[in-house]
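Mapping the sequence shown onto UniProt numbering, position 81 (from 1) lands on 81, and the numbers just tick up by one. Working notes, structure below.
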Amino acid sequence: MSSYRDLDIYKISLSLFYEVHPMSLKLPKHELYELGSQLRRSSDSIVTNIAEGYGRSAYKAEFVRFLTFSWASCSETINHLEKIKHLYGNLFRDDFIQNYEILSAKIYTFIKYVENNWK
């Protein structure tokens with residue numbers, strides 16, 4: 001792999017970000033800068049921390065640190081989506097939460113791979 005762009009977790013998280021961002025703009029006006037902003041920032045943080053961590057991948061501990069930030073942001077994103085689903089029903093596709101849960105598992109697996117195999 002020659003770039004963070006080659007990582008499946010990067011591709012998946014970027015794709016999900018591109019889907020969630022415009023959907024967050026459909027929230028009621030009073031939520032655009034509250035819950036909507038939090039959702040956009042946490043979703044963006046997942047993909048951004050993967051890219052930044054890869055840039056530090058010469059230092060395994062730094063790479064793991066940023067991947068852990070990404071994993072935590074994934075949990076935060078799931079939490080925001082759950083709140084939106086509860087408050088606003090089916091504003092988002094039903095599979096968003098499931099897709100972020102799958103992504104979370106993939107990020108965790110990749111963290112363990114880096115911890116045990118990264119040189």
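All residues carry an ideal CB built from backbone N, CA and C; glycine is no exception.
- Short of 8 angstroms from the beta carbon of GLU62, and not among the five residues preceding or following it, lie these beta carbons of its own chain, in chain order: GLY53, ARG56.
- The DSSP-derived three-state label of GLU19 is helix.
- Taking LEU25 as the centre and dropping the five residues before and after it, the same chain places the C-beta of LEU32, GLY36 closer than 8 angstroms to its C-beta, in chain order.
- Here SER73 is buried, its C-beta having at least 16 other C-beta atoms within 10 Å.
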